[in-house]
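For reference, the structure is listed below as structure tokens.
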Amino acid sequence: MKKIILIFFGLLISCNTTGELKITNQWFRPAVKGMNTAFYFTIENNTNQADTLYSVNSDIAGMVQIHETFEKEGMMGMRQVDFVVVKPNSKIEFKPGGLHVMVMNLYSDYKKNSSADFELYFKQKGIVKIKAVTKL
Amino acid sequence: MLNKMGFKKLSFAIIIAFIFFGCGKDIHVIKDLGKSSYKLIDQDSTKFNFLQDLKGKTVVLSYIYTNCPDICPLTTHNIISIKNKLDNDGITDVEYVEISFDPERDSPSVLKNYAEVRGIKLNNWHFLTGDKKTVFNLLDEVNVRALPGDTTITPKNDTLYYFIHTDRISLIDKQGRLRINFKGSNANKNEIINSIKQIN
Numbered sequence: 036m037k038k039i040i041l042i043f044f045g046l047l048i049s050c051n052t053t054g055e056l057k058i059t060n061q062w063f064r065p066a067v068k069g070m071n072t073a074f075y076f077t078i079e080n081n082t083n084q085a086d087t088l089y090s091v092n093s094d095i096a097g098m099v100q101i102h103e104t105f106e107k108e109g110m111m112g113m114r115q116v117d118f119v120v121v122k123p124n125s126k127i128e129f130k131p132g133g134l135h136v137m138v139m140n141l142y143s144d145y146k147k148n149s150s151a152d153f154e155l156y157f158k159q160k161g162i163v164k165i166k167a168v169t170k171l
Numbered sequence: 170m171l172n173k174m175g176f177k178k179l180s181f182a183i184i185i186a187f188i189f190f191g192c193g194k195d196i197h198v199i200k201d202l203g204k205s206s207y208k209l210i211d212q213d214s215t216k217f218n219f220l221q222d223l224k225g226k227t228v229v230l231s232y233i234y235t236n237c238p239d240i241c242p243l244t245t246h247n248i249i250s251i252k253n254k255l256d257n258d259g260i261t262d263v264e265y266v267e268i269s270f271d272p273e274r275d276s277p278s279v280l281k282n283y284a285e286v287r288g289i290k291l292n293n294w295h296f297l298t299g300d301k302k303t304v305f306n307l308l309d310e311v312n313v314r315a316l317p318g319d320t321t322i323t324p325k326n327d328t329l330y331y332f333i334h335t336d337r338i339s340l341i342d343k344q345g346r347l348r349i350n351f352k353g354s355n356a357n358k359n360e361i362i363n364s365i366k367q368i369n
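In order, the protein sequences belong to chains A and B. Residue 78 in the numbering used here is what sits at position 43 of the first sequence, and the numbering runs on without skipping anything. Residue 293 in the numbering used here is what sits at position 124 of the second sequence, and the numbering runs on without skipping anything.
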């Protein structure tokens, strides 16, 4: 009987266990040395806790910043954003024409099917290291 | 007097007429650029007279700067899709032109790299740059704005700057008339394709 109760509670606990925060659909645009590119991905926060992306880093470029594209009076521009909050059990897409990571002053050419490593810094999760491939 | 049968036939004819003649968008002339002559250079450093070297051709025109990582590549990629669809439909007598509003950084070789990294074939696609004053006079004529925005200093003291700019794809007809403008990065590609077919 004890065993059955333990198994029951074990199952109950496992049902309440939330998922993880993960990065999916990551890619970046091809660009050549000295130029800029944009890095895109989806943050899936499958936990019961909000998390905050506050920085992105990569060794492939002189500078990396979180940016958003905006429209003002019929003109388009980009500006830096300090952080992005991902609510519990939600996802945020970094996609063309919206949030993106600006990868500035590339040290090498990144043509078709090139790959690069990126580090995403979250307040709760810590560092998430991922590899992304170029895509048109 | 129309009898019942005649009325039905007339209604049917009106509906058919709407289907055939009512689908095309009414495309007015925005500006006649037929006499415009701006001496620019293309990605191969070859002299290019805009618009004289394009006379007699339908032109898909857009405005970019190659340091733009998000908006301008979207516009270029939309035009790649439009060109692929038109090529598949056998419409190959269209010229594609992208003018840089950052001529100080967008030299011919930089423009060529931008094209090559995207696999763009340059037989009927021209990336144009040139003297800053000439470029901005041309942009003024087509009512395109590009204003320097935020400047960023990298840890290595390189200065990076961006533009706030008009986001546009324009169509010019064979008579050199600016006919219609569309959004560039968030383009309705089917609408642009239909308009090209209509004015070509």
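Glycine included, every Cβ here is placed at the ideal spot set by N, Cα and C.
In the DSSP annotation of this structure, the continuous segment of the beta strand (DSSP E) that includes S231 of chain B starts and ends at T227 to I233.
Closest in C-alpha terms to S206 of chain B, from the list B:G345, B:I361 and B:S354, comes B:G345. The C-beta distance from F296 of chain B to D239 of chain B rounds to 19 angstroms, too long to fall under 8 angstroms, and the pair is not in contact. A Cβ-Cβ distance of about 6 angstroms is found for the pair I362 of chain B and L255 of chain B, placing them in contact under the 8 angstroms criterion.
Excluding five sequence positions before and after S149 of chain A, the CB atoms of its chain that fall closer than 8 angstroms to its own CB belong to P65, V168 and T169, given in chain order. Y89 of chain A sits away from E128 of chain A, with the two beta carbons spaced by 9 angstroms or more. Rounded to whole angstroms, D152 of chain A and K130 of chain A show a C-alpha spacing of 18 angstroms.
Distance between N292 of chain B and S339 of chain B, taken at the CA atoms: about 20 angstroms.
For A167 of chain A, not one C-beta of chain B is nearer than 9 angstroms to its own C-beta.
Taking 9 angstroms as the CB threshold, F296 of chain B stays off the interface with chain A.
Identification of residues in the region 65–82 of chain A having a C-beta nearer than 7 angstroms to some C-beta of chain B yields P65, A66, V67, M70, N71, T72 and A73, given in sequence order. At a cut-off of 9 angstroms between beta-carbon atoms, T320 of chain B makes no contact with chain A.
Within chain B, the residues placing a beta-carbon under 8 angstroms from that of K146 of chain A are V286, ordered along the chain. For L171 of chain A, the C-beta contacts it makes with chain B under 7 angstroms involve H246 and R287, in order along the chain. Interface with chain B (9 angstroms Cβ-Cβ cutoff): V138 of chain A is included. Burial state of T104 of chain A is buried, judged by a 10 Å Cβ sphere holding 16 or more other Cβ atoms. In the DSSP assignment, the residues bridged to T335 of chain B are A:M110.
For K200 of chain B, the pairing in a beta bridge is given by DSSP as B:L347.
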